[in-house]
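What follows is a short report on a single structure.
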Amino acid sequence: MTDEEKISSSELQRRHEAGERNFQGVNLEKANLEGYNLEGANLEGAILEGANLHRANLHRANLQKTNLRGAILEGAILEGANLHRANLYRANLLTTRLQGANLQQANLKGAILLAANLEGANLEGANLEGANLLTTSLQRANLEKANLEGANLQGADLSETLLNATQAIATNFSNTTLTGACIQDWNINSSTNFNGVSCEYVYLKYNKETKIRQERRPHTGTFAPREFTQLFQISLNTVDLIFREGVNWQAIAYSLTHTLIINEDTPLAVQNIENKGDGTVIIRVQAPPNTDKEKIYKDFWQGYEFAQKAVESQDRVRLEDKDKEINRLFFLCNQLMVDSKKYTIYGNGGSIENDDNIASGT
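Under my numbering, the first residue of the sequence shown carries the number 1201, and numbering increases by one thereafter.
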């Protein structure tokens, strides 16, 4: 951008009043555009760093790759605007209307979005690190692969929001609403704050092709008060194995032991086994914080499916080699005492008994 391309706000206003809508690449650094009507204007690649766009109308404007670093956008109308790859670093978007805006891959690091309306906005891949989203409306927004590390979302509405593969390390979700959100493969840690979250149910998977959310939790009904928070605080260091239609305990015995053996350098232990009462059983395996939980998960299910097929085939075809391997691992499983405090796995009957009950004679 050369100095000759920089134009004054009065020149912009003159062009605008003349009906011109193409301001592509113009230099309006620190320009005062407060209250301007730039609806539908083309500002692609423009320099608006430090500009005053307070209450400006940028409805459906093209702001792709625009430099809005440190700009004042408080109360601006950006509904349906295209801000793809725009730089909004530390911009002030307090109470801004951004419904349906395209903020894909936008740089919003440290931006002030306090009480902004981002309902239905596309923030896929956006950088919101350290952004202030206090009480912001993000209903049905797309935050897939967005960076929310250290962001403040206290009191925000994230109902039906896509949070797939979102980075949420040390993110403040306190008092947010997460009902209907999809949280497939999101990345949280012990510093992620879920205190006071309001959540009736979530989805664990999203089909991009059909745009259908899958694997609702809980399967039916709603979470009890504080249940969502408790579940996710527990799950930070666990691998959750969920069985929805009955359990083959022999296959579990085999697969748990097999998983322990092939991951011998990773200390794993069964934290608890929970029968939800609706045919669903959850086994939580405790793992160190930096464990590749996806690998543990895949290792278990591969072993479980193999053992389940072998056990089911026993009534039809005797598979001597597989039986010997399974029986050997049942024996190893007994020796390992998968959870020495509460549970012992017995191979012959494929059962799991609670040692507390055994001690008490029940």
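For each residue, glycine too, the CB sits at the ideal point set by N, CA and C.
Please report the residue range of the beta strand (DSSP E) in which Ile1412 lies.
Against the sequence shown, residue 1412 aligns to sequence position 212. Taken as a continuous stretch (DSSP letters only), the beta strand (DSSP E) holding Ile1412 covers Ile1412 to Arg1417.
For Leu1318, the nearest candidate out of Phe1428, Asp1499, Leu1404 and Glu1279 (CA to CA):
If you number the sequence shown from 1, residue 1318 lands on position 118. Taking only the C-alpha atoms, the option nearest Leu1318 is Glu1279.
Where do the ends of the beta strand (DSSP E) carrying Lys1405 lie?
Reading the sequence shown from its first residue, position 205 is the one you call residue 1405. Where Lys1405 is concerned, the enclosing beta strand (DSSP E) starts and stops at Val1402 to Asn1407.
Are Gln1213 and Glu1244 close, meaning C-beta to C-beta below 9 angstroms?
As a position in the sequence shown, residue 1213 is number 13, starting the count at 1. As a position in the sequence shown, residue 1244 is number 44, starting the count at 1. For Gln1213 and Glu1244, no; Cβs fall outside 9 angstroms.
For Cys1382: DSSP bridge partner residues
For the purposes of this step, residue 1382 is identified with residue 182 of the sequence shown, where counting begins at 1. Beta-bridge partners of Cys1382 (DSSP): Leu1362 and Tyr1403.
With respect to the beta strand (DSSP E) encompassing Leu1441, which residues constitute its N-terminal and C-terminal limits?
Position 241 of the sequence shown, counted from the first residue, corresponds to residue 1441. Run containing Leu1441: Thr1438 to Phe1443, per the beta strand (DSSP E) assignment.
So, at 6 angstroms on beta carbons, what are the nonlocal neighbours of Thr1392 in its own chain, with the 5 sequence-adjacent residues on each side left out?
Taking the sequence shown and counting its residues from 1, one reaches residue 1392 at position 192. Cβ within range, chain order: Ala1368 and Thr1371.
So for Gln1213, helix, strand or coil by DSSP?
Within the sequence shown, residue 1213 is the residue found at index 13, counting from 1. For Gln1213, the secondary structure class from DSSP, reduced to helix, strand or coil, is helix.
Check whether the region 1497–1512 touches the region 1464–1482, counting contact only when three or more Cβ pairs, one atom from each stretch, lie closer than 8 angstroms.
Flag = no, the region 1497–1512 and the region 1464–1482 do not touch.
Helix, strand or coil: how does DSSP classify Ile1369 here?
Stepping through the sequence shown from its first residue, residue 1369 is reached at position 169. When secondary structure is reduced to three states using DSSP, Ile1369 falls in the coil class, being assigned neither helix nor strand.
According to DSSP, is Glu1474 helix, strand or coil?
Counting from one through the sequence shown, the residue named residue 1474 turns up at place 274. Glu1474 falls in the strand class under three-state DSSP.
Are the CB atoms of Ala1356 and Thr1379 within a distance shorter than 9 angstroms?
Within the sequence shown, numbered from 1, the residue matching residue 1379 stands at position 179. Within the sequence shown, numbered from 1, the residue matching residue 1356 stands at position 156. Taking 9 angstroms as the cut-off, the Cβ atoms of Thr1379 and Ala1356 do not count as close.
Which residues mark the beginning and the end of the alpha helix (DSSP H) in which Val1511 is found?
The sequence position of residue 1511 within the sequence shown is 311, counting from 1. For Val1511, the enclosing alpha helix (DSSP H) begins and ends at Lys1493 to Glu1512.
Which partner residues of Arg1297 appear in the DSSP bridge assignment?
Start at 1 with the first residue of the sequence shown, and residue 1297 comes out as number 97. When beta bridges are read from the DSSP output, Arg1297 appears opposite Ile1277 and Asn1317.
Am I right that Ala1590 and Ala1301 are in contact with their C-beta atoms under 8 angstroms? What's the rounded C-beta distance?
Past the boundaries of the shown model lies residue 1590; the chain is included only from 1201 to 1562, so the question cannot be answered.
CB of Thr1296 within 9 angstroms of CB of Leu1268, strictly:
In the sequence shown, counting from the first residue as 1, residue 1296 sits at position 96. In the sequence shown, counting from the first residue as 1, residue 1268 sits at position 68. No, the pair does not count as a contact, with Cβ atoms beyond the cut-off.
For the region 1380–1388 against the region 1348–1366, do three or more pairs of beta-carbon atoms, one drawn from each stretch, fall closer than 8 angstroms, so that the two count as touching?
For the pair of segments examined, the region 1380–1388 was found to touch the region 1348–1366: the number of CB pairs separated by less than 8 angstroms reaches three.
Could you check the C-alpha separation between Phe1428 and Ile1388 for me, to the nearest Å?
Looking up residue 1428 in the sequence shown gives position 228. Looking up residue 1388 in the sequence shown gives position 188. Taking the CA atoms as reference points, Phe1428 sits about 14 angstroms from Ile1388.
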